[in-house]
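Worksheet: the structure to be examined is printed underneath.
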Amino acid sequence: MNQTADAPLRRRDLKALAAFLVICLVVYGANGLVTAISVEGWYQALEKPPFNPPDWVFGPVWALLFLFMAVAGWRVWRSGPWPATRPALTAWGVQLGLNLGWSVLFFGLQAMGAALVEIILLLAAIVATTVLMWRHDRVAGLLFLPYMAWVAFAAVLNAALYTLN
Numbered sequence: 041m042n043q044t045a046d047a048p049l050r051r052r053d054l055k056a057l058a059a060f061l062v063i064c065l066v067v068y069g070a071n072g073l074v075t076a077i078s079v080e081g082w083y084q085a086l087e088k089p090p091f092n093p094p095d096w097v098f099g100p101v102w103a104l105l106f107l108f109m110a111v112a113g114w115r116v117w118r119s120g121p122w123p124a125t126r127p128a129l130t131a132w133g134v135q136l137g138l139n140l141g142w143s144v145l146f147f148g149l150q151a152m153g154a155a156l157v158e159i160i161l162l163l164a165a166i167v168a169t170t171v172l173m174w175r176h177d178r179v180a181g182l183l184f185l186p187y188m189a190w191v192a193f194a195a196v197l198n199a200a201l202y203t204l205n
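Residue numbers (the numbering used here): 41 to 205.
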């Protein structure tokens, strides 16, 4: 193909990447709004385990992870037709919804026990999404590994906070 014929495909790919980035940015922003409700008062008053990271770590880590999620989703989207990619992209959407749900439960409703159950479901969804993405695009699967590790750590942290408080 020549460059003129490739231009619509490049524009389509860039629009899709932008859409995945916007979706992830919206969820990241919603998580931030929900977190802001409790982080300065309720969360600060909780007894923390010794391995609790400083508060400033969470924002940059989540920003990077949401960027990875967006790029991974986009890579799978462009890897094949909808019938083939639907399971992976459906799992991608489910884990994104569960991600937001955890923030609502933990920070919004201050329900650490329910959040602990939910984060275990989130982790299972991330594992499933990673496996499904890997089958379409190895880079997409690899992009989900840091997210999986961070959420596993967050689940341990959630459990510790629940136990201590």
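Glycine residues also receive a C-beta, built at the ideal position from the N, C-alpha and C atoms.
Only a predicted model underlies this, so the values are computations on that prediction, with no experimental measurement involved.
Continuous alpha helix (DSSP H) stretch holding glutamine 150: start and end:
Working through the sequence shown from its first residue, we reach residue 150 at position 110. Careful: glutamine 150 lies outside any alpha helix (DSSP H) and carries neither H nor E.
In whole angstroms, what is the alpha-carbon distance linking glycine 181 and methionine 109?
If you number the sequence shown from 1, residue 181 lands on position 141. If you number the sequence shown from 1, residue 109 lands on position 69. Rounded to the nearest angstrom, the two C-alpha atoms are 10 Å apart.
Can you tell which of Gly120, Leu149 and Val191 has its C-alpha closest to the C-alpha of valine 278?
There is simply no residue 278 to check, as the chain begins at 41 and stops at 205 in what is shown.
The alpha helix (DSSP H) spanning tryptophan 82 covers which residue range?
Taking the first residue of the sequence shown as 1, we reach residue 82 at position 42. It is not in any alpha helix (DSSP H) - tryptophan 82 carries neither H nor E in the DSSP assignment.
Check whether the region 110-130 touches the region 170-179, taking contact to mean three or more Cβ pairs, one atom from each stretch, closer than 8 Å.
yes
What number of angstroms, rounded off, separates the C-alpha of glutamine 135 from the C-alpha of leucine 162?
Start at 1 with the first residue of the sequence shown, and residue 135 comes out as number 95. Start at 1 with the first residue of the sequence shown, and residue 162 comes out as number 122. Looking at the two C-alpha atoms, the distance is approximately 6 Å.
Boundaries (first-last residue) of the alpha helix (DSSP H) holding glycine 120:
Taking the first residue of the sequence shown as 1, we reach residue 120 at position 80. Careful: glycine 120 lies outside any alpha helix (DSSP H) and carries neither H nor E.
Determine whether the beta carbon atoms of glycine 113 and phenylalanine 193 lie at a separation below 8 Å.
On the sequence shown, position 73 is the one that residue 113 refers to. On the sequence shown, position 153 is the one that residue 193 refers to. For glycine 113 and phenylalanine 193, no; Cβs fall outside 8 Å.
Is tryptophan 132 buried or exposed, if buried means 16 or more other CB atoms sit within 10 Å of its CB?
Along the sequence shown, read from residue 1 onward, the residue named residue 132 stands at position 92. Its Cβ being crowded by 16 or more others within 10 Å, tryptophan 132 is buried.
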